[in-house]
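K.L.:
Before we start, here is the structure in question, set down as structure tokens.
Numbering (UniProt numbering), first residue to last: 1 to 282.
Written as structure tokens, this is what we have:
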């Protein structure tokens with residue numbers, strides 16, 4: 001299969017409309033339809049169910065959509081990492097570390113200080129991500145290494161080292177009645193009147209169903225909590241960075257969160273190795 005065919009198929013599979021997919025790709029509809037037909041013939045499988053009004057994915061089409069996205073991500077990652085390796089070799093680039101904005105602040109500061117003290121340390125460029133984004137930027141090559149959080153982020157396909165395990169707290173408006181409690185249970189958090197857990201966009205940019213507000217970034221989330229429009233369950237270490245108009249209460253039965261440092265197993269970057277070694281020494 002060619003990357004052009006994969007891009008064509010992904011556009012149709014996401015739009016579920018040949019006309020919209022052709023417009024998105026900047027091509028005419030007939031060559032797009034022919035390309036999809038040729039791909040189906042070569043694979044010996046129907047990828048799409050077509051009627052006069054609808055286009056839907058078959059089971060085989062769903063598999064190819066998932067695999068095609070991963071394949072194109074891998075190609076783009078290879079391009080980015082190759083260019084950055086060339087720049088690093090000439091002293092014009094450092095290592096890119098992806099981390100969730102507002103998370104693991106104290107650990108991150110110690111890591112950067114520890115690594116900077118190494119004699120062969122290079123510049124560490126921070127890529128601050130929204131919730132769940134750091135895994136994606138590590139996979140697509142925008143980052144060389146990342147701080148991920150289990151069980152929320154997937155580490156499949158990465159090499160990892162565990163750095164810290166901690167409990168979780170619920171972030172509430174500072175004057176909320178629950179803030180005087182020493183701890184709460186998950187069942188209480190999920191039933192808080194007027195304070196639903198926010199919804200974050202998935203890979204396709206759409207939001208899951210639910211009563212919570214739509215949130216795209218950390219600062220927006222904190223503002224909504226302070227205004228009494230949402231609550232948030234987060235690792236206990238986020239307490240240290242809370243604003244005065246917010247408070248944190250431990251959630252006893254929330255799953256433990258393990259912070260790991262992750263990197264692609266095929267990485268041969270000395271800078272990445274040095275950063276990982278500094279992290280495991282902390």
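Built from N, CA and C at the ideal position, the CB exists for glycine as well. Given the structure is predicted, the values throughout are model-derived calculations rather than measurements.
Grouping DSSP H, G and I as helix and E and B as strand, with all else coil, what is residue 238?
P.N.:
Note: residue 238 maps to helix in three-state DSSP.
K.L.:
Where does residue 68 fall in DSSP's three states?
P.N.:
Three-state result, residue 68: helix.
K.L.:
Output the boundary residues of the alpha helix (DSSP H) element that contains residue 190.
P.N.:
Here the alpha helix (DSSP H) through residue 190 covers 186-190.
K.L.:
Kindly indicate which three-state DSSP category residue 250 falls into: helix, strand or coil?
P.N.:
Strand.
K.L.:
Nearest CA to the CA of residue 73: which residue from 275, 232, 142, 206?
P.N.:
It is 142.
K.L.:
Which of the three DSSP states, helix, strand or coil, is assigned to residue 258?
P.N.:
The answer is strand: DSSP assigns residue 258 an E or B state.
K.L.:
What did DSSP end up calling residue 245 once you bin it into helix, strand or coil?
P.N.:
The answer is coil: DSSP assigns residue 245 none of H, G, I, E or B.
K.L.:
Measure the alpha-carbon distance for residue 245 versus residue 1 and round it to whole angstroms.
P.N.:
Each residue's alpha carbon lies about 55 Å from the other.
K.L.:
Please state whether the Cβ-Cβ distance between residue 169 and residue 236 is less than 8 Å.
P.N.:
A contact, by the Cβ cut-off of 8 Å.
K.L.:
If you reduce the DSSP assignment to three classes, tell me which class residue 176 lands in.
P.N.:
Reduced to three states, the DSSP call for residue 176 is coil.
K.L.:
In three-state DSSP terms, what is residue 146?
P.N.:
Correct three-state label for residue 146: strand.
K.L.:
List the whole-angstrom C-beta distance separating residue 260 from residue 148, where the pair is believed to meet the contact cut-off of C-beta under 8 Å.
P.N.:
Between residue 148 and residue 260 the Cβ distance is about 5 Å, and since that is below 8 Å, they are a contact.
K.L.:
Using 10 angstroms around the beta-carbon of residue 269, count the other beta-carbons present and answer buried if the total reaches 16, otherwise exposed.
P.N.:
Buried: at least 16 other Cβ atoms inside 10 Å.
K.L.:
In whole angstroms, what separates the C-alpha of residue 153 from that of residue 20?
P.N.:
Taking the straight line joining both Cα atoms gives about 32 Å.
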